[in-house]
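Whatever position you read off the sequence shown (first residue = 1), add 454 for the numbering used here. Here a beta-carbon is modelled for each residue, glycine too, at the ideal position from N, C-alpha and C. Model, not experiment: these values are computed from the prediction. These notes concern the structure reproduced below.
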Amino acid sequence: MIEVARLAGVSTATVNRVLKQQGYVSEEARRKVEAAVAATSYRPNVVARGLRTRRSSTIGLMLTAITVNPFFVGVAHAVEAAAIAAGYRVVIFNHGGHEDYERHGVEAFIAQRVDAVLFCTAASPRNVEILAAAGIPAIEIERSSTPSASFVRVDNYVGARAAIDHLVGLGHERIAFVGGDPGLYPQDATRRRSVEEDRLGAYHDGMRAHGLVPNPAHIRLGQYYDLANDVSGREGRQHAEALMELARPPTAIFSTCDILAVGVLQALYKAGKRVPQDISVVGFDDTLAAYLAPQLTTVAQPVAALGRHGFDMALAAIESTEMPNEIVLATHLVIRQSTGPAARTGSN
Numbered sequence: 455m456i457e458v459a460r461l462a463g464v465s466t467a468t469v470n471r472v473l474k475q476q477g478y479v480s481e482e483a484r485r486k487v488e489a490a491v492a493a494t495s496y497r498p499n500v501v502a503r504g505l506r507t508r509r510s511s512t513i514g515l516m517l518t519a520i521t522v523n524p525f526f527v528g529v530a531h532a533v534e535a536a537a538i539a540a541g542y543r544v545v546i547f548n549h550g551g552h553e554d555y556e557r558h559g560v561e562a563f564i565a566q567r568v569d570a571v572l573f574c575t576a577a578s579p580r581n582v583e584i585l586a587a588a589g590i591p592a593i594e595i596e597r598s599s600t601p602s603a604s605f606v607r608v609d610n611y612v613g614a615r616a617a618i619d620h621l622v623g624l625g626h627e628r629i630a631f632v633g634g635d636p637g638l639y640p641q642d643a644t645r646r647r648s649v650e651e652d653r654l655g656a657y658h659d660g661m662r663a664h665g666l667v668p669n670p671a672h673i674r675l676g677q678y679y680d681l682a683n684d685v686s687g688r689e690g691r692q693h694a695e696a697l698m699e700l701a702r703p704p705t706a707i708f709s710t711c712d713i714l715a716v717g718v719l720q721a722l723y724k725a726g727k728r729v730p731q732d733i734s735v736v737g738f739d740d741t742l743a744a745y746l747a748p749q750l751t752t753v754a755q756p757v758a759a760l761g762r763h764g765f766d767m768a769l770a771a772i773e774s775t776e777m778p779n780e781i782v783l784a785t786h787l788v789i790r791q792s793t794g795p796a797a798r799t800g801s802n
């Protein structure tokens, strides 16, 4: 820092203010400091700062399916951007759905003295306890498994209801639900409804609110994808194929993940079904939707906001400042090309 100050012709205090983006610095002084930083390839000494504050200025980010679902890529990008702006680094670990791998990642985070850990998936309660014993706060994004962890999520129920209301408004009555099985994604310890419970509950409530009775044969539950090797929407294809074999198949499919919707569209194309002329499809996430053919109508999650709020919660926990224990963000329906009026071929 002394060399940067000498080159810029300013005090080390001014350099510090520029690097931390705190306090007043004239534009001329800021430009000189930034030029000196570039000329010297200066990087703040995080280790030395950590010795003073007992912090590493590092955040751990635990993901479950970054190679399969672009939702996690979007969250990771937002967390990194927020962290960099605040002078933090991010260490990412992807456990692929294996609790043992998650434990390994937690142990690695502890060894690296991270200041907090963000879980972009439901964390193992035991691993949250291990972090707490090490004095490291845990924050959960999208899913929650333990009441002690701060939590940021979207309003899944309202988002799913918007999808059903949209389809019913187009005249659809035989609406299928393709999504995660609540039994595979429990979070009983939190006493909160899971993502799956909210979306499936909204489907049932939305149908009944419009005087429609959900057909059990139209409800297809399972995983969202095979974390080991499914990047092609196999789950969605299998669900859609089964639905098309019914004597009275649905005229619309609500797929509760864009990855599932990819497989649904593949199966419909193979079956010779036109979207949306023969059947409408709605997704959830808005991660791939605009790049599909036809472009997918979907419930958009504020992915960047999830990441930013997750980091803000981590920073508040590190600095012991007040922050809500739970933040709920709004979704919105993005109407594109994959939904249209129900085809009238006899009784709908």
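Three-state secondary structure assigned by DSSP to residue i
{"i": "HIS786", "result": "strand"}
{"i": "THR575", "result": "coil"}
{"i": "ASN548", "result": "strand"}
{"i": "GLU627", "result": "coil"}
{"i": "GLY559", "result": "helix"}
{"i": "ILE590", "result": "coil"}
{"i": "GLU553", "result": "helix"}
{"i": "LEU515", "result": "strand"}
{"i": "ILE595", "result": "strand"}
{"i": "ALA493", "result": "helix"}
{"i": "ALA797", "result": "coil"}
{"i": "VAL479", "result": "coil"}
{"i": "VAL582", "result": "helix"}
{"i": "ARG567", "result": "coil"}
{"i": "VAL632", "result": "strand"}
{"i": "ARG509", "result": "coil"}
{"i": "LEU621", "result": "helix"}
Residue interval of the alpha helix (DSSP H) (run including residue i)
{"i": "GLY690", "result": "688-698"}
{"i": "LEU461", "result": "456-462"}
{"i": "ILE538", "result": "524-539"}
{"i": "HIS658", "result": "649-663"}
Span of the beta strand (DSSP E), counted from its first residue to its last, around residue i
{"i": "GLU776", "result": "Premise fails: GLU776 is in no beta strand (DSSP E) and is neither H nor E."}
{"i": "ARG674", "result": "673-676"}
{"i": "VAL606", "result": "604-608"}
CA-to-CA distance, residue j to residue i, given in whole angstroms
{"i": "ASP766", "j": "CYS574", "result": "14 Å"}
{"i": "LEU783", "j": "PRO756", "result": "7 Å"}
{"i": "PRO778", "j": "VAL606", "result": "10 Å"}
{"i": "MET516", "j": "ALA535", "result": "16 Å"}
{"i": "VAL612", "j": "ILE546", "result": "31 Å"}
{"i": "SER511", "j": "ARG728", "result": "52 Å"}
{"i": "VAL469", "j": "ALA539", "result": "16 Å"}
{"i": "GLY623", "j": "GLY660", "result": "11 Å"}
{"i": "ALA603", "j": "GLN677", "result": "25 Å"}
{"i": "GLY504", "j": "ARG484", "result": "For GLY504, the predicted model reports a pLDDT of 48, less than 50, meaning its position is unreliable; a value from the coordinates is still stated below. Distance between the alpha carbons of GLY504 and ARG484 is about 25 Å."}
{"i": "HIS672", "j": "LEU719", "result": "16 Å"}
{"i": "ARG543", "j": "ILE513", "result": "6 Å"}
{"i": "ALA715", "j": "LEU787", "result": "15 Å"}
{"i": "THR494", "j": "ARG460", "result": "11 Å"}
{"i": "SER734", "j": "PRO795", "result": "8 Å"}
{"i": "HIS693", "j": "ASP732", "result": "17 Å"}
{"i": "VAL491", "j": "SER648", "result": "48 Å"}
{"i": "LYS486", "j": "GLY541", "result": "20 Å"}
{"i": "ASP712", "j": "THR752", "result": "8 Å"}
{"i": "GLN791", "j": "PRO748", "result": "6 Å"}
{"i": "ASN610", "j": "LEU654", "result": "10 Å"}
{"i": "PRO703", "j": "GLU553", "result": "38 Å"}
{"i": "THR466", "j": "ARG509", "result": "22 Å"}
{"i": "ARG597", "j": "GLU650", "result": "10 Å"}
{"i": "ARG798", "j": "ALA706", "result": "13 Å"}
{"i": "GLU488", "j": "LEU572", "result": "31 Å"}
{"i": "GLN566", "j": "TYR723", "result": "49 Å"}
{"i": "ARG762", "j": "ALA656", "result": "27 Å"}
C-beta neighbour in chain C for residue i, strict 8 Å
{"i": "ASP619", "result": "Absence of chain C from the displayed structure is noted, only one protein chain being present."}
Residue i Cβ short of 7 Å to the ligand GTP heavy atom set
{"i": "VAL608", "result": "The model depicted lacks the ligand GTP and carries no ligand whatsoever."}
Exercise. Report yes or no: do three or more beta-carbon pairs, one from the stretch 732-739 and one from the stretch 621-637, lie closer than 8 Å?
Key: In short, these stretches touch, since the Cβ pair count reaches three.
Quiz item: Can we say the stretch 741-752 touches the stretch 664-673, given the rule of at least three CB pairs closer than 8 Å?
Solution: Counting Cβ pairs under 8 Å, fewer than three are found: no touch.
Quiz prompt | Any beta strand (DSSP E) of 3 or more consecutive residues that is wholly inside the stretch 699-776 | solution = Complete beta strand (DSSP E) runs here, min 3: 706-709, 734-739, 751-754.
Practice problem: Could you tell me whether the stretch 577-584 touches the stretch 553-563, where touching means 3 or more Cβ pairs closer than 8 Å? | Solution: In the pairwise beta carbon analysis, the stretch 577-584 is classified as touching the stretch 553-563: at least three pairs are separated by under 8 Å.
Quiz prompt | the stretch 518-532 / the stretch 547-555 touching (three or more Cβ pairs under 8 Å) | solution = The stretch 518-532 is in contact with the stretch 547-555.
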